[in-house]
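**Student:**
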Amino acid sequence: MTIVSAKEMLVKASQEKYAVGAFNITSVVQMVAVIEAAAERNAPVIVQTSVTPAKFLKPEVVVAVFRALAESVSIPVCLHLDHCTDVDFCKKCADLGYTNIMFDGSHLDFEENIKQTREVSDYCHAIGGITVEGELGTVSGVEDQIKVAADDAQLCDPEKSLEFMERSGIDLFGPAIGTAHGIYQTENPVIDFVRLGEIYQKLNTPEVRTPLVIHGGTGLSENTVKSLIENGGSKYNVSTNLKYILMDSTFDYMSGHLKEYDPGKLDKHVKMATKERIEYWIDLLGSAGKVI
Ligand code: 13P
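FYI, the numbering for the sequence shown is 120 to 411, going by the working numbering.
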């Protein structure tokens with residue numbers, strides 16, 4: 120069993136210029152698929168839950184299932200709580216065994232974002248083995264309870280990012296650079312690669328201190344994904360794509376097997392469809408074969 124914090128896997132990814140896939144799941148079948156696919160590709164992987172599925176499944180259950188699955192593979196795996204705006208729920212998930220916590224204070228003013236993120240960082244670091252992700256600027260679109268209109272989305276100020284990192288105590292940083300949660304409204308979204316590269320330089324030279332996270336991973340072209348990695352992204356979040364795979368593969372199977380009533384076969388079909396997609400992402404992100 121190799122359960123690690125996100126930072127532990129991402130420093131190597133940053134140095135070697137690949138990204139680790141961070142996949143949002145809402146069901147046990149999806150969690151099984153993510154871990155099996157990563158093990159088959161010999162890739163480090165991050166399983167993430169947003170707050171609503173974490174509460175629905177219960178964080179205790181998520182952690183127990185995650186640990187049992189982690190025991191069956193020898194790749195490094197991390198369990199991440201995504202976009203949590205509630206300091207107490209962050210602490211609860213850290214106590215229960217999540218190994219990376221994202222406190223999302225992007226809706227707060229700069230000082231309040233630092234203050235609340237610092238509280239989460241100090242708490243997680245005192246437990247040990249848990250790292251913390253913070254966000255500055257706002258990522259537009261919808262991810263669970265976080266809804267940001269494109270007009271309100273503000274890109275991250277590189278000057279402020281170093282101060283934010285140092286004062287909030289974070290280990291990973293999710294800067295808003297023009298990517299969006301959900302389905303992109305335009306075919307060619309404007310992504311600020313220069314800003315991303317500038318933030319990377321400020322935080323991670325001469326050595327990698329705070330790996331960078333790319334939010335809004337669904338729907339970007341393969342060239343865009345590669346440029347995001349070249350410019351410093353090393354944790355790549357995918358959520359919407361897996362929701363579509365889950366719903367579409369369920370619908371396809373049900374449509375062809377209306378009278379079957381065998382949920383095990385449906386689960387298997389959804390698992391295979393999900394695994395295939397996870398393998399696609401792992402190959403694109405360059406993390407296949409990175410476990411030595
Ligand atoms: P997508 O829903 O666009 O894949 O974004 C995922 C994400 O950034 C989760 O934090």
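In this text, a Cβ means the ideal position worked out from N, Cα and C, and glycines have one as well.
All of these numbers come straight from a predicted model, not from anything done at the bench.
Taking the C-alpha atoms as reference points, what is the distance between C275 and F312?
**Tutor:** 12 Å
**Student:** Give the secondary structure of I372 by DSSP, where H, G and I count as helix, E and B as strand, and everything else as coil.
**Tutor:** Reading off the sequence shown, one finds Tyr at residue 372, where the question assumed Ile. Reduced to three states, the DSSP call for Y372 is helix.
**Student:** Where V151 and L188 are concerned, what is the direct C-alpha to C-alpha distance, given to the nearest angstrom?
**Tutor:** 7 Å
**Student:** Under the criterion of a Cβ to heavy atom distance below 7 Å, does G288 qualify as lining ligand 1?
**Tutor:** Because no heavy atom of ligand 1 lies under 7 Å away, the Cβ of G288 does not count as near it: no.
**Student:** How far does the beta strand (DSSP E) with Q167 in it extend, from its first residue to its last?
**Tutor:** Membership of Q167 in the beta strand (DSSP E) is indicated by the continuous run V164 to T168.
**Student:** Would you say V357 and F185 are within 8 Å of each other, going by their C-beta atoms?
**Tutor:** Their beta carbons are not under 8 Å apart, which means V357 does not touch F185 by this criterion.
**Student:** Looking at T393 and ligand 1, is the gap between the Cβ and the nearest heavy atom below 7 Å?
**Tutor:** no
**Student:** Please determine whether the Cβ atom of N356 lies at a distance below 7 Å from any heavy atom of ligand 1.
**Tutor:** yes
**Student:** DSSP on V130, reduced to helix/strand/coil?
**Tutor:** helix
**Student:** With a threshold of 7 Å, establish whether the CB of E262 neighbours any heavy atom of ligand 1.
**Tutor:** In terms of side-chain proximity, the C-beta atom of E262 is found nearer than 7 Å to a non-hydrogen atom of ligand 1.
**Student:** Pick from L377, I296 and N360: whose alpha carbon is nearest that of C269?
**Tutor:** According to the sequence provided, residue 269 is Ala. The question's Cys does not apply to it. Of the listed residues, the one whose Cα sits closest to A269 is I296.
**Student:** Pop quiz: L255 and F222 are said to be a contact at Cβ under 8 Å. What is the actual Cβ separation, rounded to whole angstroms?
**Tutor:** Actually they do not touch by this definition, with Cβ atoms about 12 Å apart.
**Student:** Considering only C-alpha positions, which residue in the set L129, R396, V123 and A125 is nearest to V327?
**Tutor:** L129
**Student:** Straight-line CA distance for V123 to P330?
**Tutor:** 15 Å
**Student:** If the criterion is Cβ atoms closer than 8 Å, does the pair S225 and N219 meet it?
**Tutor:** The beta carbons of S225 and N219 sit no closer together than 8 Å.
**Student:** Excluding five sequence neighbours on each side, which residues of the same chain lie with their C-beta closer than 8 Å to the C-beta of L227?
**Tutor:** Q235
**Student:** Taking the alpha carbon of K131 as the reference point, which residue from V164, I154 and V153 has its own alpha carbon closest?
**Tutor:** Measuring C-alpha to C-alpha distances from K131 to each of V164, I154 and V153 identifies V164 as the nearest.
**Student:** Going by beta carbon distance, what residues of the same chain come within less than 6 Å of S133, once the five residues before and after it are set aside?
**Tutor:** V327, P330 and S353
**Student:** With a 10 Å radius around its C-beta and 16 neighbouring C-beta atoms as the bar for buried, classify T337 as buried or exposed.
**Tutor:** buried
**Student:** Report back the beta-carbon spacing between I401 and A157 to the nearest angstrom; my notes put them in contact at under 8 Å.
**Tutor:** 6 Å
**Student:** So G316 packs on N350, CB below 8 Å; how close in whole Å?
**Tutor:** 4 Å
**Student:** Can you look up S358 in the DSSP assignment and give me helix, strand or coil?
**Tutor:** S358: coil per DSSP, three-state reduction.
**Student:** Leaving out five residues on either side along the sequence, give the residues of the same chain with a beta carbon under 7 Å from the beta carbon of G301.
**Tutor:** G260, V261 and T359
**Student:** Check this for me: beta carbons of T298 and H334, under 8 Å apart or not?
**Tutor:** yes
**Student:** Please confirm whether I397 and V239 have their CB atoms less than 8 Å apart.
**Tutor:** In this structure, I397 lies away from V239, with their beta-carbon atoms at least 8 Å apart.
**Student:** Which of helix, strand or coil does DSSP assign to K266?
**Tutor:** strand
**Student:** What's the gap between the Cα of K210 and the Cα of G375?
**Tutor:** Between the alpha carbons of K210 and G375 lies a gap of roughly 45 Å.
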